[in-house]
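Novice:
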Amino acid sequence: MEVSISEILVNEGIKKEFYFFEDIDNNIIEFFGEKISIKKPIKVEGYAVNYEGKIRLYINIQTELARSCSRCLGLYNEMIDIDAEYVFVTSPDKQSNDEILIDGETIILDEYVLDEITSQMTMKPLCKPDCKGLCFKCGKNKNYEECDCTFDEIDPRLQELSRFLRKE
Numbered sequence: 001m002e003v004s005i006s007e008i009l010v011n012e013g014i015k016k017e018f019y020f021f022e023d024i025d026n027n028i029i030e031f032f033g034e035k036i037s038i039k040k041p042i043k044v045e046g047y048a049v050n051y052e053g054k055i056r057l058y059i060n061i062q063t064e065l066a067r068s069c070s071r072c073l074g075l076y077n078e079m080i081d082i083d084a085e086y087v088f089v090t091s092p093d094k095q096s097n098d099e100i101l102i103d104g105e106t107i108i109l110d111e112y113v114l115d116e117i118t119s120q121m122t123m124k125p126l127c128k129p130d131c132k133g134l135c136f137k138c139g140k141n142k143n144y145e146e147c148d149c150t151f152d153e154i155d156p157r158l159q160e161l162s163r164f165l166r167k168e
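In structure tokens:
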């Protein structure tokens with residue numbers, strides 16, 4: 001995904017719109033060791049404008065990811081819809097901390113798009129907020145079926161506390 005900014009570099013106030021609808025290599029992104037499948041092509045639309053000698057880039061990113069629930073391990077789809085803004089400069093003299101230095105007349109968006117997607121992904125993905133997860137004894141998915149497992153065993157470190165509570 002490349003945006004040519006040659007026209008707007010020389011003309012302040014010029015606005016250039018762009019639209020991309022693309023797949024990325026293998027349609028897989030890696031996020032903290034988890035391989036996540038991108039279900040739909042990534043839709044990127046936005047515009048770039050030269051304002052006071054700086055290129056301001058406004059983008060909207062939309063896609064759908066196949067995630068695995070961290071409680072029940074079931075697959076579910078996570079919708080991504082992100083608005084982002086970047087400021088690019090062509091000279092290190094004009095650059096401040098949050099501005100990106102570019103060399104040339106093209107901005108390659110791929111890295112920025114993937115960074116935005118991964119920054120919006122949840123660290124602990126859940127298929128639904130009230131997911132009950134798996135029974136840790138029998139492994140049944142408690143969202144769909146109940147199990148007859150009992151959990152009477154007391155952690156040996158807490159046995160004294162249970163005796164104390166029974167006295168009262």
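Going by our numbering, 156 is the number at position 156 of the sequence shown; the sequence numbering is gapless.
Backbone N, C-alpha and C fix where the C-beta goes; we use that ideal spot for every residue, glycine too.
Once you ignore the five residues that flank N11 on each side, which residues in its own chain have a CB closer than 8 Å to its CB?
Specialist: In the sequence shown, counting from the first residue as 1, residue 11 sits at position 11. N50.
Novice: Verify whether the separation of the beta carbon atoms of M1 and F31 is less than 7 Å.
Specialist: Indexing the sequence shown from 1 puts residue 1 at position 1. Indexing the sequence shown from 1 puts residue 31 at position 31. For M1 and F31, no; Cβs fall outside 7 Å.
Novice: Starting from I55, trace the beta strand (DSSP E) in both directions and tell me its first and last residue.
Specialist: Against the sequence shown, residue 55 aligns to sequence position 55. I55 -> beta strand (DSSP E) spans 54-68.
Novice: My output table needs one value for L101: the three-state DSSP class, helix, strand or coil.
Specialist: The residue you call residue 101 lines up with position 101 of the sequence shown. Looking at L101 - three-state DSSP - the assignment turns out to be strand.
Novice: Any idea what DSSP makes of T122, helix, strand or coil?
Specialist: Position 122 of the sequence shown holds residue 122. T122: coil per DSSP, three-state reduction.
Novice: Determine which residues share a DSSP beta bridge with F20 and list them.
Specialist: Counted from its first residue, the sequence shown places residue 20 at position 20. According to DSSP, which records beta bridges pairwise, F20 is partnered with V44.
Novice: Which residue wins for smallest C-alpha separation from Y86, given the options L65, I59, Y76?
Specialist: Locating residue 86 in the sequence shown gives position 86, where the first residue counts as 1. The candidate whose alpha carbon is nearest that of Y86 is I59.
Novice: Between the Cα of E17 and the Cα atoms of E99, G46, L109, which residue gives the shortest distance?
Specialist: The sequence position of residue 17 within the sequence shown is 17, counting from 1. Ranking E99, G46, L109 by Cα distance to E17 puts G46 first.
Novice: On the three-pair Cβ rule with 8 Å, is the segment 151-159 touching the segment 68-78?
Specialist: At 8 Å Cβ cutoff, the stretches do not touch.
Novice: Return the CA-CA distance between N77 and A66, expressed in angstroms with no decimal places.
Specialist: Along the sequence shown, one-based indexing puts residue 77 at 77. Along the sequence shown, one-based indexing puts residue 66 at 66. Their backbone Cα atoms lie some 5 Å apart in a straight line.
Novice: Do you know whose CA, among D81, I82, T106, I80, lies nearest T90's CA?
Specialist: The count along the sequence shown starts at 1 and reaches residue 90 at position 90. The candidate whose alpha carbon is nearest that of T90 is T106.
Novice: Name the residue from L158, R163, E160, I55 whose alpha carbon lies nearest to the alpha carbon of G104.
Specialist: For the purposes of this step, residue 104 is taken as residue 104 along the sequence shown, with counting starting at 1. Nearest option by C-alpha distance: I55.
Novice: Around the Cβ of C147, are there at least 16 other Cβ atoms within 10 angstroms (buried) or fewer (exposed)?
Specialist: Start at 1 with the first residue of the sequence shown, and residue 147 comes out as number 147. Answer is exposed; the Cβ neighbour count stays below 16.
Novice: Consult DSSP for S96 and reduce its assignment to one of helix, strand or coil.
Specialist: The residue given as residue 96 occupies position 96 in the sequence shown. In this structure, S96 counts as coil in the three-state DSSP scheme.
Novice: Would you mind reading off the limits of the alpha helix (DSSP H) that contains E153?
Specialist: In the sequence shown, counting from the first residue as 1, residue 153 sits at position 153. Neither: E153 is in no alpha helix (DSSP H) and is coded neither H nor E.
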